[in-house]
Amino acid sequence: MRTGKEYLESLRDGRKVYVGGEIIEDITTHPMTKGYAHAIAEYYDLHLAPENEEICTFVDEKGQKQSMHWFIPRSKEDVIKRRKYTEFLCRHFKGGIFTRPPAGMNVVMITQVDDQEPWAQNSRFKNGQRNLSGNIQRQWDEVTSKDHAISPMFLDVQYDRGRDDAMAETPMLSILEEREDGIVVRGWKAIGTSVPFVNHLLIGNLWRPGQTPEQTVYALVPVATPGVVIVARKSNAQPDADPYDRPLATIGDELDAMAYFDDVFIPWAQVQHVGNPDHAKWYPQRQFDWVHLETQIRHCVHAELMVGLGLLLTQSLGTSTNPVVQVQLAELIRFRETCRAFMIAAEETGFATPGGLFKPNNIYIDFGRAHYLENQHKMVNTLIDFCGRSAVIQPTKRELDDPYIGPKLAEALRGSEISARDRIKIFRQISERFLTEWGTRHEMFEKFNGTPLYLVNLLTMQRTEYQVDGPLTQLARDVLGFGDTADLGKRAKEAELASHYASVRFQPEYARAQDVRDGYIGDDHDEIAAE
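Quick note: the sequence shown, position 515, residue 515 per the working numbering, numbers continuous.
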C-alpha cells in the first residue's frame with residue numbers, strides 16, 4: 001500500500017501529456033492537473049488511515065495488507081464488502097464526482113485474471129510461436145504489489161461504419177513488427193478516463209467487424225513508455241476559484257484522453273494476447289462487467305444525493321409540505337430506492353465464475369444502469385424546478401463578504417431555519433453538478449460509460465431466458481393452451497442463431513461455460529453452434 005506522496009512521485013516519470021493543446025511538464029503541479037492528482041493522492045492516503053482500515057483494506061492470501069481496490073470477491077459477502085467500500089469512496093468524494101478512481105479502473109483486469117489461459121492459448125503470431133502463459137498473473141502481481149493505478153483503453157477511433165472493410169484503414173493501434181523480444185505498435189486508442197493520472201494503460205479491443213489480426217492487441221503498458229503520447233481534452237478545473245462558488249471544479253477534473261503510440265516497443269512479458277480477432281469477439285461486454293458493477297453502486301450514491309438535496313432544498317424554501325412538491329419528492333425517493341433494489345438483486349442472484357469468483361448478476365446490473373439513465377434527467381429537472389430562479393442566480397462569496405451589500409443579501413436570501421450562506425450552498429451544488437461545463441461532462445460520461453442505453457437494452461434481448469422458447473414464455477403458453485412447442489422452439493433457435501451471429505455471441509468451448517453462467521447463451525445451443 002503506497003502513500004499519496006509516493007503516488008504523486010510516481011507521476012513524475014517523464015510521461016508526455018497534452019492538456020488542451022499544452023504540454024504538461026509536471027501534472028502534479030500544473031494548475032489544470034494538480035487538483036485531480038492531489039485528490040487521488042488523498043484517495044491513497046484514505047486507505048492508510050487507521051480509522052478506515054476495516055472498510056478500505058484486506059489481508060491477501062500471502063498475509064499482506066492490501067488496499068480494497070485489489071479485493072476480488074469469492075462470495076456474496078465479499079461482493080457486499082466491496083460494495084460498502086465503493087460507497088464509502090463515493091460519499092467521501094462529494095457523492096461520486098470522480099467516476100474513475102483506481103477502484104473503478106483496476107477491476108477491468110479481473111476478467112483476464114479470472115480465466116487466464118485462453119488469452120495465451122488463442123494468440124496468433126506471424127513469426128513463430130510465443131509463450132504468453134503466466135503473463136497475466138505476473139502483471140497482476142506487479143500492479144497489486146506496487147499498488148499501481150490502471151486505466152483501460154479499449155475503444156478505437158471512429159471510422160466509416162457504413163462498411164466493414166474501413167476498419168483496416170483506420171489509424172487505430174496496430175502491430176508493425178513482431179520481434180524475438182516483443183512487438184512494435186503504432187496508432188491511436190480513442191479514449192480513456194484519468195489516463196494522465198495512472199501508471200499503466202490496459203489496452204485491448206471492443207471488437208468490431210473488419211478488425212484485423214494486426215489491430216488485435218491486449219497488453220499492460222506503462223504510461224511513461226517511450227513513444228506513448230497522451231492527448232487529453234481541455235480541463236474544466238477551476239483551481240483559482242473560491243470553493244464556495246465552485247465546490248466541485250476547484251477539486252479538479254479527471255480528464256478523458258486519447259493515446260498515440262509512436263512506434264512503441266512492448267516486451268512480450270507485457271503482452272496478454274495478440275493476433276486473433278475471433279478471440280476479441282468473446283469479451284466485449286464481459287470485459288467491463290466488473291466496471292459496470294462499480295458504476296451501478298455509484299449511480300445509487302448519485303440518486304441518494306439527489307434525494308438529500310431535494311429534501312434540504314424544499315425545507316429551506318418552505319415548500320416541503322406542498323402536496324405537489326411532496327409528490328415530486330416521492331418520485332425522487334422512488335428513483336433512489338429502485339436503483340438500490342436492482343443493486344441488491346444483482347448481489348442476491350450472483351453466481352460462481354469458472355475461476356471461482358462470485359459475480360453479481362449481469363442482468364440486474366444492466367437493468368439498474370438502464371433505469372438510472374432513463375430517469376436521471378427527470379430527477380435533475382425536478383431539482384432545478386425546486387430551485388426556481390436560484391438555479392442560475394446566486395451571489396458569490398465575495399459579494400456575501402462585502403461589508404455593504406453582504407448583510408443585505410444575507411437578509412434577503414435566508415431561508416426557513418437556514419442562513420443565506422448555507423442555502424446558497426445547496427443551489428451552488430445543484431448548479432455545479434448539472435448546469436456547468438464541469439457537470440455536463442460528468443453527465444455525458446455516465447451516459448456513455450461502457451455501453452450506451454440502447455446497447456444496455458439490446459443486451460437484455462441476447463439472453464436465453466428472454467427468448468421466445470425460454471422460461472419466461474412458459475406461463476403464457478400454459479394459459480393459451482399451446483401444446484407441443486417443438487416447432488416454436490425450432491423457429492426461435494433459428495432466429496436466435498441469426499441474432500447471435502449479429503451480436504457475436506458464440507464462444508469456443510472453454511469460454512462457453514462462463515457465458516452459460518452469464519446468461520449469454522444456454523446449455524442447449526450446441527447444435528446451433530455446430531450449424
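Glycine is no exception: its CB is placed at the ideal position from the N, C-alpha and C atoms. Predicted model only: the values in this text are computed from it and were never measured.
Chain-order list of residues whose beta-carbon lies under 7 Å from that of D518 (same chain, five-residue window excluded): If you number the sequence shown from 1, residue 518 lands on position 518. Caution is warranted here: a pLDDT of 44 is assigned to D518, below 50, making its placement in the model unreliable, and the coordinate value is therefore given only provisionally. Result list for D518: R286, N362, in chain order.
Beta carbon of G350 nearer than 8 Å to that of Q296: For this step, residue 350 is matched to residue 350 along the sequence shown. For this step, residue 296 is matched to residue 296 along the sequence shown. No, they are not a contact pair.
Would T193 and R100 be called neighbours here (beta carbons separated by less than 8 Å)? One-based indexing of the sequence shown puts residue 193 at position 193. One-based indexing of the sequence shown puts residue 100 at position 100. A contact, by the Cβ cut-off of 8 Å.
Which residues in the same chain as H38 place their Cβ atom closer than 6 Å to its Cβ, once the five residues preceding and following it in sequence are excluded? Numbered from 1 along the sequence shown, position 38 holds the residue referred to as residue 38. None.
Assign I203 to one of three DSSP states: helix, strand, or coil. Along the sequence shown, one-based indexing puts residue 203 at 203. Three-state DSSP puts I203 in a strand.
To which residues of the same chain is R340 closer than 6 Å at the C-beta, ignoring the five residues directly before and after it? Sequence index remark: in the sequence shown, residue 340 carries index 340 (1-based). Counting only Cβ-Cβ distances below 6 Å, and skipping sequence neighbours, we find C300.
When DSSP labels each residue in this structure, what does Q66 get in the three-state scheme? Walking along the sequence shown from the start, residue 66 turns up at place 66. Looking at Q66 - three-state DSSP - the assignment turns out to be strand.
For M379 and L309, the rounded distance between their alpha carbons: Residue mapping note: residue 309 aligns to position 309 of the sequence shown, counting from 1. Residue mapping note: residue 379 aligns to position 379 of the sequence shown, counting from 1. Rounded to the nearest whole angstrom, the CA to CA distance from L309 to M379 is 11 Å.
Buried or exposed by the 16-neighbour rule on C-beta atoms within 10 Å, applied to T440: For the purposes of this step, residue 440 is taken as residue 440 along the sequence shown, with counting starting at 1. Classification of T440: exposed, given that the 10 Å Cβ count is below 16.
Exposure of H292, with buried meaning 16 or more beta-carbon neighbours within 10 Å: For the purposes of this step, residue 292 is taken as the residue at position 292 of the sequence shown. With 16 or more neighbouring CB atoms inside 10 Å of its own CB, H292 falls in the buried class.
Strand pairing of L155, partner residues [DSSP]: Along the sequence shown, one-based indexing puts residue 155 at 155. According to DSSP, L155 bridges with I191.
Quick one: which unbroken alpha helix (DSSP H) runs of 4-plus residues sit fully inside the segment 297-380? Chain order, please. 323-348
From P247 to Q238, what does the alpha carbon distance come to, in whole angstroms? Translated into positions along the sequence shown, residue 247 becomes position 247. Translated into positions along the sequence shown, residue 238 becomes position 238. Computed Cα separation, rounded: 10 Å.
Give me the Cα-Cα distance between T314 and R421, rounded to the nearest whole angstrom. For the purposes of this step, residue 314 is taken as residue 314 along the sequence shown, with counting starting at 1. For the purposes of this step, residue 421 is taken as residue 421 along the sequence shown, with counting starting at 1. The alpha-carbon atoms of T314 and R421 are separated by roughly 16 Å.
How about the segment 161-170 and the segment 204-220: do they share at least three Cβ pairs that are nearer than 8 Å? yes
Cβ-based neighbour list, V185, same chain, cut-off 7 Å, excluding 5 preceding and 5 following: Taking the first residue of the sequence shown as position 1, residue 185 is located at position 185. Excluding sequence neighbours, V185 sits near L173, S174, I175, L176, V217, F261, V264, I266.
Look at the Cβ atom of N122, then the Cβ atom of H273, and state whether they are nearer than 8 Å. Counting from 1 along the sequence shown, the entry for residue 122 is found at position 122. Counting from 1 along the sequence shown, the entry for residue 273 is found at position 273. Against a cut-off of 8 Å, the Cβ pair of H273 and N122 comes out as a contact.
Can you give the Cα-Cα distance for P118 and P73, rounded to whole angstroms? Counted from its first residue, the sequence shown places residue 118 at position 118. Counted from its first residue, the sequence shown places residue 73 at position 73. Each residue's Cα considered, the two are about 22 Å apart.
According to the Cβ coordinates, are S67 and M1 closer than 8 Å? For the purposes of this step, residue 67 is taken as residue 67 along the sequence shown, with counting starting at 1. For the purposes of this step, residue 1 is taken as residue 1 along the sequence shown, with counting starting at 1. For S67 and M1, yes; Cβs fall inside 8 Å.
What would DSSP say about V222, mapped onto helix, strand or coil? Here residue 222 corresponds to residue number 222 of the sequence shown, with the count starting at 1. Looking at the sequence shown, residue 222 is not Val but Pro. Strand at P222.
Could you check how far apart the C-beta atoms of G415 and L317 are, in whole angstroms? I think they sit under 8 Å. What you label residue 415 is simply residue 415 of the sequence shown in a count that begins at 1. What you label residue 317 is simply residue 317 of the sequence shown in a count that begins at 1. Indeed they touch by this definition, with Cβ atoms about 6 Å apart.
Measuring CB to CB, does N381 end up less than 8 Å from F335? Locating residue 381 in the sequence shown gives position 381, counting from the first residue. Locating residue 335 in the sequence shown gives position 335, counting from the first residue. In this structure, F335 does not lie closer than 8 Å to N381 by Cβ.
Rounded to a whole number of angstroms, what is the C-alpha to C-alpha distance between N135 and A303? Indexing the sequence shown from 1 puts residue 135 at position 135. Indexing the sequence shown from 1 puts residue 303 at position 303. Distance between the alpha carbons of N135 and A303: 40 Å.
Mapping the DSSP letters down to three states, classify G388 as helix, strand or coil. Here residue 388 is taken as the residue at index 388 of the sequence shown, counted from 1. Looking at G388 - three-state DSSP - the assignment turns out to be helix.
Have a look at Q112 and A120 and give me their C-alpha separation to the nearest angstrom. Along the sequence shown, read from residue 1 onward, the residue named residue 112 stands at position 112. Along the sequence shown, read from residue 1 onward, the residue named residue 120 stands at position 120. So the alpha carbons of these two residues sit roughly 10 Å apart.
Mind checking which residues open and close the alpha helix (DSSP H) that includes D141? Within the sequence shown, the letter at position 141 stands for residue 141. Segment 135-146, the alpha helix (DSSP H) holding D141.
Quick one: is P152 buried, meaning 16 or more other Cβ sit within 10 Å of its Cβ, or exposed? As a working mapping, residue 152 is identified with position 152 in the sequence shown. Buried, since its Cβ has 16 or more Cβ neighbours within 10 Å.
Would a C-beta distance cut-off of 8 Å place D245 and K397 closer than the cut-off? Taking the first residue of the sequence shown as 1, we reach residue 245 at position 245. Taking the first residue of the sequence shown as 1, we reach residue 397 at position 397. It is a contact, given that the beta carbons lie within the stated cut-off.
Backbone CA spacing between P508 and T57 [nearest angstrom]: Taking the first residue of the sequence shown as position 1, residue 508 is located at position 508. Taking the first residue of the sequence shown as position 1, residue 57 is located at position 57. Because the pLDDT at P508 is just 37, under 50, the model does not fix this residue reliably, and the point stays unresolved.
Can you give the Cα-Cα distance for D240 and G227, rounded to whole angstroms? If you number the sequence shown from 1, residue 240 lands on position 240. If you number the sequence shown from 1, residue 227 lands on position 227. Near 33 Å, if we compare the C-alpha coordinates of G227 and D240.
Extent of the continuous beta strand (DSSP E) run through T170: Start at 1 with the first residue of the sequence shown, and residue 170 comes out as number 170. Element bounds for T170: n/a, residue is neither H nor E.
Contacting residues, own chain, Cβ-Cβ under 7 Å from R91 (five flanking each side not counted): As a first step, residue 91 is located in the sequence shown; it is residue number 91 there, counting from the start. If we look at R91 and ignore the five residues flanking it on each side, its Cβ neighbours are V301.
Look up D289 in the DSSP assignment and say whether it is helix, strand or coil. Position 289 of the sequence shown, counting from 1, holds the residue named residue 289. DSSP places D289 in helix when its eight states are reduced to three.
Continuous alpha helix (DSSP H) assignments of at least 4 residues falling wholly in the segment 92-117: 102-105, 110-114
Do you know offhand how far L8's Cα is from E180's? Locating residue 8 in the sequence shown gives position 8, counting from the first residue. Locating residue 180 in the sequence shown gives position 180, counting from the first residue. Rounded to whole angstroms, L8 and E180 show a C-alpha spacing of 35 Å.
DSSP has F71 in a bridge; who is on the other side? Indexing the sequence shown from 1 puts residue 71 at position 71. According to DSSP, which records beta bridges pairwise, F71 is partnered with nothing at all.
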